[in-house]
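In our numbering, the protein residues as written are 4 to 135. We put the beta carbon where it would ideally sit given N, CA and C, even for glycine.
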Ligand SMILES: [Zn+2]
């Protein structure tokens, strides 16, 4: 059953503009659902759970990487150019994943997210107060 954008946002811990951005990027799929007097775009369950699974996969990979790894530290598995820790923009991708686990995770997720953020010199307070 398709899920409203606000429910999808609550599950992913993001606001409406981020849901729209994920849809635009093709990471979330929408279907039009017609009720008695309105037509609404809703997020498909499959795409929501694919996005959740991807966040868990990246988090798991990122936890096992160290600064001397030749892989992008976001956990995407890509190789970086000499001396770089991240592919362009993937440091923000990692921040988004960490934020997701800080907001939505259980207590173990929180501990792991905090330790991952500290190991990457990511300011958790700045992360949580920034609106995206
Ligand atoms: Zn990456």
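Can you tell which of 37, 43, 29 has its C-alpha closest to the C-alpha of residue 9?
Ranking the options by Cα distance to residue 9, first place goes to 43.
For residue 58, does the count of other Cβ atoms within 10 angstroms reach 16, so buried, or fall short, so exposed?
So residue 58 ends up on the buried side.
Whole angstroms are fine: how far does the CA of residue 61 sit from the CA of residue 49?
Straight-line Cα distance between these residues: approximately 18 Å.
Residues near ligand 1, CB to any non-hydrogen atom under 5 Å, in chain order?
Qualifying residues, in the order they occur: 75, 77, 79, 90, 93.
Can you name the start and end residues of the beta strand (DSSP E) that residue 44 belongs to?
Residues 42 to 46.
What's the call for residue 34, buried or exposed, on a 16-neighbour Cβ count within 10 Å?
Answer is exposed; the Cβ neighbour count stays below 16.
Would you call residue 78 buried or exposed, if buried means 16 or more other Cβ atoms sit within 10 Å of its Cβ?
Its Cβ being crowded by 16 or more others within 10 Å, residue 78 is buried.
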